[in-house]
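Residue numbers for the sequence shown follow full-length UniProt numbering, so the first one is 1 and each next one is one higher.
One structure is given here, and the rest of the page talks about it.
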Amino acid sequence: MKEFPDVIAWSIPAFVLLIVLERVSYLLHRDDDEVGYGGADTATSLTMGLGSIFADLLWKVPIAAAYALLYALTPLRVAELWWTWPLILLAQDFCYYWSHRGHHVIRILWASHVVHHSSQRFNLSTALRQPWTGLTSWVFYIPLIVAGVHPAVVAFCGSVNLLYQFWIHTERIEKMPRWYEAVFNTPSHHRVHHASQGSYLDRNFGGILIVWDRLFRSFAPERERCVYGLTKNVASYNPVRVAFHEYASIARDLRAAATWRHRVGHLFRAPGWQPAPGSPVRAAGPARPDGRTSSAPG
């Protein structure tokens, strides 16, 4: 059985140290256009991060079993060589792009990912605000398994991808060199991704690379000041509500739906979707679900 270091677990002390240093930097020098830290918000982000560690331990069991079965069935094998590792990381990042994009434009997937966008602040602690229902991403990496990449290698590359994304959750870095901004995901690109204004919604899905967004027309440069959070923010710092509020909203919409077509729409169409005016309704539901109105890029 292949084993690789748990880069996320090993990086936790560094995460904490960098969060403390960033917080101190705000105390020493605060820019007027930066939202900085908030005590309750940071506590919620850290609690969500700790909870996701334990939740992921549960989700790993069925995911690992499914991957192992698929890997056993495929006749293909990709060896871990010095020249295949960059290709595997590239392929993993490509799959991550589509997973991330899917989690923004399909509501039942957004119900999990919305947790990461629920903070109205943008700092290194926001990177740790992770969902507790992480069972929704694994299907996007099936092509790697079927192509012969070992499941442990896929998991390791996923950890490397998440590790890279930690540092881009900051307002303290304005721009990287132009060549870097053109190829890689940066704090500037990721601030756009976390913004809630219409021109920024559902943009910049890349993990390590931003080239996927440029190729598939989902890129937006940072031009105006970002307003973080959701189009309808969660008025609570309760981690349980943050983790499950969109699932509760979906349940309300399903109960109120008059037809099966509407129920399917509430599950699989974009966040914010509602039946057309004049459609039959069974009961009055909420005006809009919690979350962001998707402007799915084409």
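Ideal Cβ placement from N, Cα and C applies to all residues, glycine included.
Do you know whose CA, among the options, lies nearest residue i's CA?
i	options	result
P5	W85, A55, V153 and L46	V153
T42	D33, E22 and G102	E22
G134	T231, K60, H29 and L73	K60
R30	R225, A195, R172 and S249	R172
Y164	E174, Y96, Q120 and Y26	Y96
F216	R101, I106, W179 and N233	R101
C157	P131, S188, P86 and V192	P86
N238	A270, E222 and R129	R129
S236	V20, A91, Q120 and W83	Q120
A65	W260, S159 and I145	I145
residue 300	I8, L90 and H189	The chain is shown only over 1 to 298; residue 300 falls outside these bounds and no answer can be derived.
E246	I12, C226 and H117	H117
A91	A276, G206, A68 and P275	G206
L73	F184, R255 and G148	G148
P131	F140, Y141, V139 and V114	V114
T170	V192, A155 and W179	V192
Y67	Y141, V24, R252 and W273	Y141
P227	H194, F54 and A258	Here residue 227 turns out to be Val, not Pro, going by the sequence shown. Answer by Cα proximity: H194.
I12	L162, K232 and W273	L162
K175	P221, V139 and A155	P221
W98	A182, I63 and V139	V139
Just curious, the alpha helix (DSSP H) that residue i is in, first and last residue?
i	result
N233	Counting along the chain, N233 falls outside any alpha helix (DSSP H), and DSSP gives it neither H nor E.
N185	N185 -> no alpha helix (DSSP H), and no H or E assigned at all.
Q130	Neither: Q130 is in no alpha helix (DSSP H) and is coded neither H nor E.
G39	G39 to L73
Q165	P151 to F166
D93	T84 to V105
V7	V7 to L28
W212	V211 to L215
R263	W260 to F268
V146	I142 to V146
Less than 6 Å between C-beta atoms, sequence neighbours within five positions excluded: which residues of the same chain meet that for residue i?
i	result
F166	A127
E3	none
A284	With a pLDDT of 40 at A284, under the threshold of 50, the modelled position of that residue is not reliable, and the figure given next carries that caveat. For A284, where only same-chain residues beyond five positions count, there are no Cβ hits under 6 Å.
H150	K2
G36	Y26
D33	R225
G229	Q120 and S196
L89	C157
S295	Legend: pLDDT at S295 = 41, less than 50; position of this residue unreliable, no value from coordinates given.
H262	P275
R77	G148
residue 305	For residue 305 there is no data in the structure shown, the boundaries of the chain being 1 and 298.
For residue i, collect the residues of the same chain with a Cβ closer than 7 Å to its Cβ; drop the 5 residues on either side in sequence, then sort them by chain order.
i	result
F219	R203, N204, I210 and D213
A9	none
E80	V153
L70	I142, I145 and V146
D38	For clarity, residue 38 is Gly in the given sequence; the question names Asp instead. The residues are R121.
Contact defined as beta carbons within less than 8 Å: I believe residue i pairs with residue j. What is the distance between those atoms, to the nearest angstrom?
i	j	result
I168	P143	In fact, because the Cβ distance is near 26 Å, the residues do not count as touching under 8 Å.
V7	V160	6 Å
I19	A111	So it is not a contact: roughly 27 Å between Cβ atoms.
V234	V242	6 Å
L46	S137	The Cβ separation is near 22 Å, so there is no contact.
I208	D56	So it is not a contact: roughly 20 Å between Cβ atoms.
Please list, in chain order, all residues of the same chain as residue i whose beta carbon is under 8 Å from its beta carbon, the five residues on each side excluded.
i	result
N185	Y164, Q165, I168, N204, G206, G207, I208, L209 and I210
A14	none
query: Okay, do the segment 49 to 61 and the segment 195 to 207 touch, 3+ Cβ pairs below 8 Å being the bar?
result: no
Contact between the segment 99 to 113 and the segment 261 to 270 (3+ Cβ pairs under 8 Å): yes
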